[in-house]
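A.B. asks: First the structure, then my questions, so here it is.
Number of protein chains: 2
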Amino acid sequence: MSVSDRSEAQRAWRRLEALAACTDEPGRITRLAFSPALKRANALVLGWMREIGMTASIDPAGNVVGRYEGLSVDAPTIMLGSHLDTVRDGGRYDGPLGVIAGLAVVERLASASRRLPAAIEIVGFADEEGTRFGGSVLGSMAMAGIVPPDWPARVDIDGVSAGKAVIAFGLDPARISEASRRQKAPLAYVELHIEQGPILEGRDAALGCVTGIAGALRAKVTVSGKAGHAGTVPMDMRADSLVAASECILAVERVAKQFQCIATVGQIRCHPNATNVIAGSVTFSLDIRSLEDGSKSAAVADIVRAFAAIAENRRLRVETEVTSNTDATLCDARLTGIIRDVLAEIGPTVVELPSGAGHDGLNMAHIAPIAMIFVRCKDGLSHHPDESITIDDLAIGIDALSATCTMAAAG
Amino acid sequence: MSVSDRSEAQRAWRRLEALAACTDEPGRITRLAFSPALKRANALVLGWMREIGMTASIDPAGNVVGRYEGLSVDAPTIMLGSHLDTVRDGGRYDGPLGVIAGLAVVERLASASRRLPAAIEIVGFADEEGTRFGGSVLGSMAMAGIVPPDWPARVDIDGVSAGKAVIAFGLDPARISEASRRQKAPLAYVELHIEQGPILEGRDAALGCVTGIAGALRAKVTVSGKAGHAGTVPMDMRADSLVAASECILAVERVAKQFQCIATVGQIRCHPNATNVIAGSVTFSLDIRSLEDGSKSAAVADIVRAFAAIAENRRLRVETEVTSNTDATLCDARLTGIIRDVLAEIGPTVVELPSGAGHDGLNMAHIAPIAMIFVRCKDGLSHHPDESITIDDLAIGIDALSATCTMAAAG
């Protein structure tokens, strides 16, 4: 494995800083899908790609795509990348890191006039966070040829439709489907991304090998009890929705641990939410994730059974409405094998971990084997201005991505 | 005990309807302290008092007070009454019932040209609900001579100060203290009020003898954990504020039952309250009431100990800030003895119950022995347009109040 010189990581760092300056909210990093800030970011990346000898363009879905040819014209393609959009008031690394690290990999090859048995493409997706258009992940969906037909009609918070936003971005919404790479699918899609969690930091490891992207079930739970005067209804005559909801929330935690899933109740609303009124109804969110679809299903079934028992015991109703449910996506065995080998050369322990967050790989897996490398981030923080990595970890990440790419291209 | 004729209850019923029509929100019953609607209600009650032969006036705190002399000029006074203000969108009976029933008691005496060894005064307090001026209960506080010095400076939701509201009501805020009856304290204060709870309905009893008004401790509890990504932070690395708060809420229920207190968490706020973010902090209200101050203190101490254990176990902070704490006020033994005797003549079982809600008696107890009779209300509902009693229960309530008054006056 080649060892990066410090200047390579410094250059990547400066590029990350330059992208961070592309924002639609001064003082914050806010670069939503198809925004003017994203257009500036795309232009920067396009320039860097061309500078280091790649052919590059914006695809019909707004993704910036650069190509560095392999040893032969008909060589297969290894695609590296991530997304260039951010959440509102986000960080510098969630997304851009994978694009800039990919650029460094190619730059290293190009500066050594070296070509691999595979071409390398770098992609910077235009819409992964889903902040602007109701959870859409258009960039990689378009590349995977799975754009939902209603996508152009979706509207952002200002009432601007996705179709109009695409036009304002200089593209034609009718041609988005042409971004599909189903016909020219890559040999592999490899993404470097910050972990967005505390595992690597806790294990004192710069990098981790991602085993897969967890499936996620999301539900809205409604507890319907009986409101009443906080001072006058005896404890044994109550149907207190908030006490019942509390029992439900503890059941979620207990069952999730039992099935080794990750489950979160992050949102709760209580009605009438007055200090002197027994809660008449409570709604709360349920988010449960696992790399094992079977575990997730079994946990959800157990949770629903626990809710029913609580409802019966407390003489009220608990209703669970599943709003979305996606299966887990496993990373490719060959690619993760390569990454494990690469990480074994870097440090004493190889940390393997699932991704609990969604990524572009979820869509890219429809057309290519996928793999991901996680980079340790401070306090597990992401989607926040304090999102932080070290330049040393960046350098190690570039090395690992480069080695993975070379080994994957060797076939 | 005299038996009411039907026409007496019907007249009281019509008076309650006439008061319900005094509102500042058409289509609802909203008669806040010192509002134009309360002024109309006061005028109605003043008229009825004079009609039935009482001397009557508005006192310097806006309370309407009528007097029916006893057998001698120096006879002691039994005061009957309740409040004429309501919450926003309230009901017909919470408050007015006690005033109108008192009027019926006097009317019965007057129409029989009968006088008791005690004078009877009827009071309709101007401010009990505390809806307008931050929980103030000015009417009975003024009569008890315990008005907080800052009261005139308090402002309502529109920025109008209580002092200005009093002036608009036609009174002088500087003279509120003249409403004090410390010097001419009544022999007894007896209030008929709807139960506002489900106990009498559950026991199939029209009336109940109130043993006392529960003391109440109110606190704001803050749970400070650590926000994080719902998909990426393993269950055993979390400091989830909402799961901890849920455990706290169940502890409140458990301890309250153990100490035979009534405790309610009616309000909860979660931050950032997003479906995909582990709760960083949660605040919730705590309301705990008991007729036994010792039980309440012991329960609160146990709850705080439980919170501390939860905090330690979950590696987060739980802070409890007590915002108010009042002792219980017991009803007078002699008066409740009379009421028990009266109720025993009415029905097979005499229900004795505490009042979990606050009442004017809390303040009146500073200057006089107090007692209360509760009237069964439908579904235990109060502070709501569907607040409901039957005309039969109203008739029985008037009878009981009349008998209580006669026996109390007999000394």
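If you read the protein sequences in the order shown, they are chains A and B.
With the working numbering applied, the first sequence closes on residue 411, and no number is skipped along the way.
With the working numbering applied, the second sequence closes on residue 1411, and no number is skipped along the way.
For each residue, glycine too, the CB sits at the ideal point set by N, CA and C.
As the structure is a prediction and not an experimental result, all values here were calculated from the model.
1. Indicate whether at least one CB of chain A lies closer than 8 Å to the CB of Ala1205/B.
2. For chain B, find out if any of its Cβ atoms is closer than 8 Å to the Cβ of Thr320/A; answer yes or no.
3. Is the beta carbon of Val1210/B sitting closer than 8 Å to the one on Pro1354/B?
4. With H, G and I counted as helix, E and B as strand and the rest as coil, what does DSSP make of Ala311/A?
5. Pull out every residue of the stretch 280-305 of chain A whose Cβ sits closer than 7 Å to any Cβ of chain B, in chain order.
6. To the nearest angstrom, how far is the alpha carbon of Glu321/A from that of Asp1085/B?
7. Going by DSSP, which residues form a beta bridge with Leu1353/B?
8. Should Ala256/A be flagged as near chain B, meaning a C-beta pair shorter than 8 Å?
9. Shorter than 8 Å from the beta carbon of Val223/A to some beta carbon of chain B?
10. Give me the DSSP bridge partner(s) of Leu1286/B.
11. How about Val210/A: is its C-beta nearer than 8 Å to some C-beta of chain B?
12. List the residues of chain C that Val1087/B touches, going by C-beta distances under 7 Å, in chain order.
13. Going along chain A, which residues have a C-beta under 7 Å from Val1243/B?
14. Please report the distance separating the alpha-carbon of Phe1169/B from that of Ala263/A.
15. Would you mind reading off the limits of the alpha helix (DSSP H) that contains Arg40/A?
16. In terms of alpha-carbon separation, which member of Ser1111/B, Val1166/B and Gly1081/B lies closest to Phe1125/B?
17. Helix, strand or coil for Asp79/A per DSSP?
18. Closer than 8 Å is the cut-off here; do at least three beta carbon pairs connect the stretch 116-124 of chain A with the stretch 65-77 of chain A?
19. Only counting the same chain, and skipping five residues up and downstream in sequence, which positions put a Cβ closer than 7 Å to that of Lys1039/B?
20. Determine, using beta carbons only, whether Glu1352/B and Gly1208/B come nearer to each other than 8 Å.
21. In the DSSP assignment, what are the bridge partners of Tyr189/A?
22. Considering just the uninterrupted stretch of the alpha helix (DSSP H) at Cys1270/B, what are its terminal residues?
23. Ignoring anything shorter than 3 residues or poking outside the stretch 146-203 of chain A, list the beta strand (DSSP E) runs there in chain order.
24. Which same chain residues end up closer than 8 Å to Asp1332/B when comparing Cβ atoms and leaving out the 5 residues on each side of it in sequence?
25. Determine, using beta-carbon pairs with one atom in the stretch 1236-1250 of chain B and one in the stretch 249-256 of chain A, whether at least three such pairs fall under 8 Å.
26. What distance in whole Å lies between the Cβ atoms of Ala153/A and Thr323/A, which are believed to be in contact at a cut-off of 8 Å?
27. Would Gln1010/B pass as an interface residue toward chain A - the criterion being a Cβ-Cβ separation below 8 Å?
28. Listed in chain order, which residues of the stretch 18-47 of chain A have Cβ atoms closer than 7 Å to some Cβ of chain B?
29. Where does Ser1324/B sit, in a helix, a strand or coil, going by DSSP?
30. May I have the straight-line CA-CA distance separating Leu1316/B from Val1223/B, to the nearest angstrom?
31. Quick one: list the residues of chain B neighbouring Phe214/A, beta-carbon separation under 7 Å, in chain order.
32. Please decide whether Ile1373/B counts as near chain A, where near means a Cβ-Cβ distance under 8 Å.
33. What separation, rounded to the nearest whole angstrom, lies between the Cα atoms of Asp341/A and Leu335/A?
34. Taking the Cβ atom as the reference point for each residue, do Thr390/A and Gly361/A lie within a distance shorter than 8 Å?
35. Quick one: which chain B residues come within Cβ less than 9 Å of Ile367/A?
36. Over what stretch of residues does the alpha helix (DSSP H) that includes Thr1055/B continue unbroken?
C.D. replies: Reading from the atomic positions:
1. No, no contact with chain A.
2. Not an interface residue.
3. In contact: Val1210/B and Pro1354/B (Cβ atoms closer than 8 Å).
4. Three-state result, Ala311/A: helix.
5. Listed in sequence order: Ser285, Asp287 and Arg289.
6. Whole-angstrom Cα-Cα distance: 43 Å.
7. In the DSSP assignment, Leu1353/B forms a beta bridge with Val1210/B.
8. Yes, Ala256/A counts as interfacial toward chain B.
9. Residue-level contact by beta carbon fails for Val223/A and chain B, as no gap is shorter than 8 Å.
10. The partner list for Leu1286/B (beta bridge, DSSP) reads Ala1219/B.
11. Val210/A does not count as touching chain B.
12. Checking the listed chains, one finds no chain C in this structure; the protein chains it contains are A and B.
13. What Val1243/B touches in chain A: Ile249, Leu250 and Glu253.
14. For Phe1169/B and Ala263/A, the distance between alpha carbons rounds to 57 Å.
15. Arg40/A -> alpha helix (DSSP H) spans Pro36 to Glu51.
16. Selected option, being the one with the closest Cα: Gly1081/B.
17. Correcting the residue type first, residue 79/A is Met in the shown sequence and not Asp. Met79/A falls in the strand class under three-state DSSP.
18. Contact between the stretch 116-124 of chain A and the stretch 65-77 of chain A is present, because at least three Cβ pairs lie under 8 Å.
19. If we look at Lys1039/B and ignore the five residues flanking it on each side, its Cβ neighbours are Phe1169.
20. Result yes, Cβ atoms of Glu1352/B and Gly1208/B sit closer than 8 Å.
21. BP columns for Tyr189/A point to Met79/A and Ile370/A.
22. Run containing Cys1270/B: none in the alpha helix (DSSP H); it sits in the beta strand (DSSP E), Ile1268 to His1271.
23. DSSP runs (the beta strand (DSSP E)) wholly in the stretch 146-203 of chain A: 188-194.
24. Here the set comprises Ala1188, Pro1369, Ile1370 and Ala1371.
25. Inter-segment contact for the stretch 1236-1250 of chain B and the stretch 249-256 of chain A is present: three or more beta-carbon pairs are separated by less than 8 Å.
26. The pair is not a contact, with the Cβ atoms about 20 Å apart (cut-off 8 Å).
27. No - not a single Cβ of chain A is within 8 Å of the one on Gln1010/B.
28. Result list empty, no residue passes.
29. In this structure, DSSP gives Ser1324/B an extended state, which the three-state scheme calls strand.
30. For Leu1316/B and Val1223/B, the distance between alpha carbons rounds to 7 Å.
31. Note that residue 214/A is Ala in the sequence shown here, rather than Phe. By Cβ distance, chain B contributes Gly1231.
32. No - not a single Cβ of chain A is within 8 Å of the one on Ile1373/B.
33. Straight-line Cα distance between these residues: approximately 10 Å.
34. No.
35. Within chain B, no C-beta atom comes nearer than 9 Å to that of Ile367/A; the closest sits roughly 24 Å away.
36. Premise fails: Thr1055/B lies in the beta strand (DSSP E), Thr1055 to Ile1058, not in any alpha helix (DSSP H).
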